[in-house]
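Student:
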Amino acid sequence: MSKPNRILLILDLNGVLVHVANKLDCHFRFEADTFISGKAIIRRPIRDDFLKFCFERFYVGVWSSRKKLNLVRLLSISLCPKEGTGWHFVGTNPIALPPSCCFVDNIDKLSC
Numbered sequence: 001m002s003k004p005n006r007i008l009l010i011l012d013l014n015g016v017l018v019h020v021a022n023k024l025d026c027h028f029r030f031e032a033d034t035f036i037s038g039k040a041i042i043r044r045p046i047r048d049d050f051l052k053f054c055f056e057r058f059y060v061g062v063w064s065s066r067k068k069l070n071l072v073r074l075l076s077i078s079l080c081p082k083e084g085t086g087w088h089f090v091g092t093n094p095i096a097l098p099p100s101c102c103f104v105d106n107i108d109k110l111s112c
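For the record, in the sequence shown the residue sitting at position 88 is 88 according to UniProt numbering, with numbers rising by one throughout.
1. So, for Asn70: in the same chain, excluding its five sequence neighbours on each side, which residues have a beta-carbon less than 7 Å away from its beta-carbon?
2. Alpha helix (DSSP H) containing Lys67: first to last residue?
3. Can you say whether Phe53 is buried or exposed, counting buried as having 16 or more other CB atoms within 10 angstroms of its CB?
4. For Val90, collect the residues of the same chain with a Cβ closer than 6 Å to its Cβ; drop the 5 residues on either side in sequence, then sort them by chain order.
5. Using 9 Å as the threshold, is the C-beta distance between Asp33 and Ile46 below it?
6. Does the Cβ-Cβ distance between Val20 and Lys39 come in under 9 Å?
7. How many Å lie between Arg66 and Thr92 at the Cα?
8. Measuring only the C-alpha atoms, how far is Asn22 from Ser76?
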């Protein structure tokens, strides 16, 4: 089904959808949902409701500065979208930008 006039919403995985902490940080304050590469993964409260809201209204992508392997593991363990929805894209650092993107090396040379 087409989603006309929808905006692409890119969510940062780290800190927005989950909290990633060292094992030592979570001994008394909170309980980790899982551990990946020695890091405690804590799902944000009401994350499921928030994602449902986003998937109903936007194209949703997720991005992370984490390594691709850790990102894939994290998505498969704790952030799989519900049936009938799906990530519009999943990006990790570095994101491949289209060749049409241009960058300005010296902002002083930019004319408005």
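Glycine included, each C-beta is placed from N, C-alpha and C at the ideal position. Note that the structure is a prediction, hence the values are computed from the model and not measured.
Tutor: Reading from the atomic positions:
1. Ile36 and Ser37
2. It is not in any alpha helix (DSSP H) - Lys67 carries neither H nor E in the DSSP assignment.
3. exposed
4. Val62
5. no
6. yes
7. 7 Å
8. 20 Å
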